[in-house]
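Numbering (the numbering used here), first residue to last: 12 to 338.
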C-alpha cells in the first residue's frame, strides 16, 4: 500500500508540478480502501471451485465499487468544505464512473504485483504436493505387489496348487508375474482409464481370493460405458486393500468386498464396500493412512471431487465422486 501510494503521489507531482499533502492523504485513503476491499474479497473467494474468470470479475467489481465509493466520499467532503478546496466540481455520476475505472486500473496494478505472484506460489506448492502424493501412491502400489509376506504367501499358495490344480497354479503365476512387472515399471502417467484401474485390481483381488480360500469374495459392478473415463492412477487400490484387511477378513465367516463404478452426464462415481465390522469414521482406523491419501489426492486433482465414508457394523462404504473425464 505504501509503495502504491508513493508511486501515485509522484505521478501526481510530475503531472501537476506541485506537492500537496492533501493530495497525498487522499491518494492514501483511496488506495487503502480499494486494496483493503480487494484483500478481504480475495481471501473469501473459493479458488478451488470458482472459475478463474469469475474470480477476476468479482475482484474487478470489488475494486471499481470501492473506488467509486471513495471518490464519492471525497466529493462530499469537498462540497462540505468548499473554502478548503479549489478547482471545478464534478457531478456525482461522473465521479462514480471515473472512480470505478480508477479502481479497475488499481486492481490491475495490484493483481500484477501482489495477487499474481501469490497465485503462482500457491500453485507451485500445490503441484509439489501433488507430486509427493503421486510418489506415495506409486510406492503404495509397489509395496502392495512386492511386500514380502504377500509374495511368499502367494508362492506358498501356488506350491499347494501345483499338484492338485496345476491350471490354477499356472494362472496365479501369470497373475503374480503381471503384478510384479507393473510394480517394477516406471509410472508412465499420473492418470489412466477405469479399464486399466480395474484390470490391475482384478489381478490383485484374484491372488487374495486364492490365498484366503473360502474367506473372501469380490463383486465387480463396473459400467462398461464408464471404462473409458479417466481417474488418478491407482486411486482405488488403497481403498480395496483396506476393505479386505480391515473389513472382510475380520468376519468369522466369508467376507465380501464390492467395487462399483458408474457415471452420469458429468460425474464418475466409484464405490468400495465391505461387510466387515465397520468402524467409527470420526476415529482413526487401522490403515487409515490410505484413506487420508485418497482424500488428499482427489482434493488436489479435482476441484469438485468428494469422498464420503459410511461405516456401521456389517457394512463400510466409501464413495468417491469425480468430475467425469474421458480418455
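We put the CB at the ideal spot given by N, CA and C, even for glycine.
These numbers come from a predicted model, not from an experiment.
Counting along the chain, where does the beta strand (DSSP E) carrying residue i start and finish?
{"i": "residue 322", "result": "317-323"}
Helix, strand or coil for residue i per DSSP?
{"i": "residue 62", "result": "coil"}
{"i": "residue 327", "result": "strand"}
{"i": "residue 19", "result": "With a pLDDT of 49 at residue 19, under the threshold of 50, the modelled position of this residue cannot be trusted, and the question is left open."}
{"i": "residue 333", "result": "strand"}
{"i": "residue 313", "result": "coil"}
{"i": "residue 338", "result": "coil"}
{"i": "residue 56", "result": "coil"}
Just the C-alpha distance for residue i and residue j, rounded to the nearest angstrom, thanks.
{"i": "residue 245", "j": "residue 330", "result": "15 Å"}
{"i": "residue 327", "j": "residue 289", "result": "5 Å"}
{"i": "residue 168", "j": "residue 221", "result": "7 Å"}
{"i": "residue 201", "j": "residue 311", "result": "13 Å"}
{"i": "residue 46", "j": "residue 275", "result": "43 Å"}
{"i": "residue 186", "j": "residue 218", "result": "8 Å"}
{"i": "residue 325", "j": "residue 54", "result": "43 Å"}
{"i": "residue 76", "j": "residue 332", "result": "39 Å"}
{"i": "residue 52", "j": "residue 137", "result": "22 Å"}
{"i": "residue 338", "j": "residue 236", "result": "12 Å"}
{"i": "residue 214", "j": "residue 229", "result": "11 Å"}
{"i": "residue 345", "j": "residue 277", "result": "Lying outside 12 to 338, the shown extent of the chain, residue 345 is not represented and no answer is given."}
{"i": "residue 232", "j": "residue 267", "result": "13 Å"}
For the alpha helix (DSSP H) that residue i lies in, which residues bound it at each end?
{"i": "residue 10", "result": "The structure shown does not extend to residue 10, since the chain is modelled only from 12 to 338, so the question has no answer here."}
So residue i packs on residue j, CB below 8 Å; how close in whole Å?
{"i": "residue 208", "j": "residue 247", "result": "6 Å"}
{"i": "residue 80", "j": "residue 66", "result": "About 22 Å separates the two Cβ atoms, so there is no contact after all."}
{"i": "residue 227", "j": "residue 259", "result": "6 Å"}
{"i": "residue 172", "j": "residue 179", "result": "5 Å"}
{"i": "residue 114", "j": "residue 74", "result": "4 Å"}
Item to check | beta strand (DSSP E) runs contained entirely in the region 240-293, provided each spans 3 or more residues | outcome: 241-243, 266-274, 278-285
Checklist entry - Unbroken beta strand (DSSP E) runs of length 3 or more, entirely within the region 168-246: which are they? => result 202-204, 227-233, 241-243
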